[in-house]
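Colleague: First the structure, which I've put down as structure tokens, then a few questions once you've had a look.
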Amino acid sequence: DAGVIQSPRHEVTEMGQEVTLRCKPISGHNSLFWYRQTMMRGLELLIYFNNNVPIDDSGMPEDRFSAKMPNASFSTLKIQPSEPRDSAVYFCASSSQRGDTQYFGPGTRLTVL
Amino acid sequence: KQEVTQIPAALSVPEGENLVLNCSFTDSAIYNLQWFRQDPGKGLTSLLLIQSSQREQTSGRLNASLDKSSGRSTLYIAASQPGDSATYLCAVISGGGGADGLTFGKGTHLIIQP
Numbered sequence: 003d004a005g006v007i008q009s010p011r012h013e014v015t016e017m018g019q020e021v022t023l024r025c026k027p028i029s030g031h032n033s034l035f036w037y038r039q040t041m042m043r044g045l046e047l048l049i050y051f052n053n054n055v056p057i058d059d060s061g062m063p064e065d066r067f068s069a070k071m072p073n074a075s076f077s078t079l080k081i082q083p084s085e086p087r088d089s090a091v092y093f094c095a096s097s098s099q100r101g102d103t104q105y106f107g108p109g110t111r112l113t114v115l
Numbered sequence: 039k040q041e042v043t044q045i046p047a048a049l050s051v052p053e054g055e056n057l058v059l060n061c062s063f064t065d066s067a068i069y070n071l072q073w074f075r076q077d078p079g080k081g082l083t084s085l086l087l088i089q090s091s092q093r094e095q096t097s098g099r100l101n102a103s104l105d106k107s108s109g110r111s112t113l114y115i116a117a118s119q120p121g122d123s124a125t126y127l128c129a130v131i132s133g134g135g136g137a138d139g140l141t142f143g144k145g146t147h148l149i150i151q152p
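Residue numbers (the numbering used here), protein chains in the order written: chain F, 3 to 115; chain R, 39 to 152.
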């Protein structure tokens with residue numbers, strides 16, 4: 003299995019631009035998670051899907067952030083408009099079912115200038 | 039709100055030593071606890087998962103213990119090697135019917151000196 007796939011691996015954009023991060027979970031996994039990692043705050047959960055349905059989005063920082071999972075093999079995290087404080091590494095993870103081991107993708111390093 | 043703390047924040051030891059990394063959590067009602075490894079610029083690799091009903095898990099030179107009542111877990115690494123150098127992260131899923139996302143500690147940055 004290829005593991006969790008994220009794209010792009012690096013993204014540099016200017017403040018105010020729209021950013022879309024993409025994730026392909028491991029085939030057959032029912033749960034998908036988006037996390038953000040910064041030096042100051044560490045790893046934080048943004049949103050969690052189960053069977054393509056958003057379950058908990060309490061970690062999404064603002065209305066500028068939105069996430070979708072149109073099918074079991076694809077999810078997006080969108081930031082519009084982006085701000086410098088959004089600069090971080092964004093990880094996607096998936097697990098086969100509730101409480102199972104979460105497998106992380108390589109992350110997308112986002113820099114907003 | 040669940041909080042996870044890892045001590046020490048950084049650790050440097052000579053190769054061959056046995057070492058212990060500590061993790062504590064404020065809410066003992068957890069579903070499970072997981073230990074991860076993160077290499078610089080890379081994603082997270084799962085090392086061990088301990089269910090709330092278990093006391094420990096072992097994988098090779100790694101042993102993780104869980105004392106849910108006291109809100110503590112330890113990761114024991116035997117006969118450390120330079121390749122063990124990485125940041126080790128502890129994370130919990132809190133119990134109940136709510137979110138299944140992980141709450142992470144800030145990690146222990148481990149350096150094994152050759």
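Here a beta-carbon is modelled for each residue, glycine too, at the ideal position from N, C-alpha and C. The model shown is predicted, which means the values in this text are computed figures rather than measured ones.
1. Using the Cα positions of alanine 74 (chain F) and valine 55 (chain F), report the straight-line distance between them to the nearest angstrom.
2. Cβ of alanine 129 (chain R) within 8 Å of Cβ of leucine 113 (chain R)?
3. Under the three-state reduction of DSSP, which class applies to proline 86 (chain F): helix, strand or coil?
4. Quick one: using the 10 Å Cβ neighbour count with 16 as the cut-off for buried, is isoleucine 149 (chain R) buried or exposed?
5. Rounded to the nearest angstrom, what separates methionine 62 (chain F) and leucine 48 (chain F) at their Cα positions?
6. Starting from serine 60 (chain F), trace the beta strand (DSSP E) in both directions and tell me its first and last residue.
7. Measuring alpha carbon to alpha carbon, tell me which residue in R:Glu41, R:Asp122 and R:Ser91 is nearest histidine 147 (chain R).
8. Is the beta carbon of leucine 34 (chain F) closer than 8 Å to that of methionine 71 (chain F)?
9. Could you have a look at proline 72 (chain F) and say whether DSSP puts it in helix, strand or coil?
10. Anything in the stretch 91 to 120 of chain R with a Cβ closer than 8 Å to a Cβ of chain F? List those residues in chain order, please.
11. Please check the pair threonine 43 (chain R) and glycine 143 (chain R), which I expect to be a contact at CB under 8 Å, by giving their CB distance rounded to whole angstroms.
12. Just reading off the beta strand (DSSP E) that valine 155 (chain F) is part of, what are its end residues?
13. How far does the beta strand (DSSP E) with threonine 64 (chain R) in it extend, from its first residue to its last?
14. Mind checking if isoleucine 88 (chain R) is an interface residue toward chain F, Cβ cutoff 8 Å exclusive?
15. Would you say glutamine 19 (chain F) touches the ligand MN, meaning its beta carbon is less than 7 Å from a heavy atom?
16. Could you please give the first and the last residue of the uninterrupted beta strand (DSSP E) stretch that includes proline 52 (chain R)?
17. Using 8 Å as the cut-off, can you tell me whether the stretch 49 to 66 of chain R makes contact with the stretch 102 to 120 of chain R, which would need three or more C-beta pairs spanning the two stretches below that distance?
Modeller: Let me lay it out:
1. If I take the Cα positions, the gap works out to 10 Å.
2. No, they are not a contact pair.
3. In the three-state reduction of the DSSP assignment, proline 86 (chain F) falls in the helix class, which pools H, G and I.
4. Burial is judged here by how many other beta carbons sit within 10 angstroms of a residue's own beta carbon; isoleucine 149 (chain R) has fewer than 16 and is exposed.
5. Looking at the two C-alpha atoms, the distance is approximately 5 Å.
6. Serine 60 (chain F): not part of any beta strand (DSSP E); DSSP gives it neither H nor E.
7. Ranking the options by Cα distance to histidine 147 (chain R), first place goes to R:Asp122.
8. Contact flag set, yes.
9. DSSP, reduced to helix, strand and coil, places proline 72 (chain F) within a strand of the structure shown.
10. For the stretch 91 to 120 of chain R, which is checked against every Cβ of chain F, not one residue is closer than 8 Å.
11. Contact between threonine 43 (chain R) and glycine 143 (chain R) holds, since their C-beta atoms are separated by about 6 Å, short of 8 Å.
12. What the structure shows of chain F is the stretch from 3 to 115, and residue 155 (chain F) is not part of that stretch, so it cannot be assessed.
13. Element bounds for threonine 64 (chain R): n/a, residue is neither H nor E.
14. No - not a single Cβ of chain F is within 8 Å of the one on isoleucine 88 (chain R).
15. In terms of ligand content, the structure shown is empty, and the ligand MN therefore cannot be addressed.
16. 48 to 52 is the span of the beta strand (DSSP E), which, as asked, contains proline 52 (chain R).
17. The answer is yes - the stretch 102 to 120 of chain R touches the stretch 49 to 66 of chain R, with three or more Cβ pairs under 8 Å.
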